[in-house]
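In my numbering, the protein residues as written are 12 to 335. Quick reminder that beta carbons are idealized off the backbone N, C-alpha and C, glycines included. Remarks on the structure that follows.
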């Protein structure tokens, strides 16, 4: 059930008439993935495979490949905190281990790129890759961490969001980092948590698309719009959805570690979904392990992380939920 109680949110969207693909605004350098509606009206729908070639040739000005600076810092931080002699080795994780040779062969035969199956075989196990030409791009928005497209599934006709991740150098650690996010998304299934619908691979470049439900807005973008004022019932409804989604994550032993307005997506029906699990991590409540403190956008970071704590739990997400 959504949170649309009156006309306040029915007229959502930036005053400039933009179409939003995860629009972020506000504090802390949050992402702005807005797309002007004029470009949408003039654009002819292109297939993903055609646009892929254009993307590869065009470079990509301010795009940060393979994750943002904060995510890179987390990878470095987790390495530097290991005991001497173990810093060059990744922490053993059976879920991210290389698949047996016969499984690797089956995955490659099914259409998965060899470089992806070799490093992240467990994350894609049991899935079949979608073809790039089975989607038609409608709009493109450049984000801080990746490109996000509004697209139409040519098979079902459903409007979806495609999050593109490109691996220019195919560093195994970068691929494993993305594989961790995929594994976490696959274990979550809740109305208030964004659902990973599938994966699209490209044979033209070393890139991967994550397929999600399309969400028209995010909470930060709506809250910063001058023409929108949330009613008290709406605030309670959105908070209820947020806490319900977080409860599911925590029950599945997942810490989001980056709760903020731009990561809370909202559709036109007022349904809120927690998104962007790039900094998320699994945890064992009965056997806590040290984790990096370099997570959560500064404005939403709890005191223990500001003080450098490496042993923490679900409280970091709950603090962030109450910080905006």
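Shortest Cα-Cα distance from residue 148 to any of 312, 129, 175 and 133 involves 175. Residue 284 places its beta carbon 8 Å or farther from that of residue 331. Runs of beta strand (DSSP E) with 3 or more residues, each lying fully within the segment 237-315, are found at 275-277 and 283-285, listed in chain order. Note: residue 170 is bridge-paired with 163 in the DSSP secondary-structure output. The beta-carbon distance between residue 304 and residue 291, rounded to whole angstroms, is 15 Å. This is too long to meet the 8 Å contact definition. In this structure, 231 is the residue among 231, 217 and 288 with its C-alpha nearest to the C-alpha of residue 334. Within the DSSP secondary-structure output, residue 206 pairs in no beta bridge. With contact defined as three or more Cβ pairs closer than 8 Å, the segment 306-325 and the segment 258-274 are in contact.
Beta bridge pairing from DSSP links residue 220 with 175 and 211.
The Cβ atoms of residue 211 and residue 146 lie closer than 8 Å to each other.
Annotation for residue 123: 135, 140 and 212 place their beta carbon closer than 8 Å to its own, counting only its chain and skipping 5 residues before and after. Within the segment 180-206, complete alpha helix (DSSP H) segments of at least 4 residues are found at 183-198, given in chain order. For residue 230, the enclosing alpha helix (DSSP H) has its first and last residue at 230-234. Beta bridge pairing from DSSP links residue 141 with 211.
Its Cα nearest to that of residue 248, the residue 282 stands out among 159, 282 and 237.
By the Cβ rule, the segment 219-226 does not count as touching the segment 249-256, because fewer than three pairs are nearer than 8 Å. Taking the C-beta atoms as reference points, residue 160 is found nearer than 8 Å to residue 151. Sorting 142, 208 and 325 by C-alpha distance to the C-alpha of residue 218 places 142 at the top.
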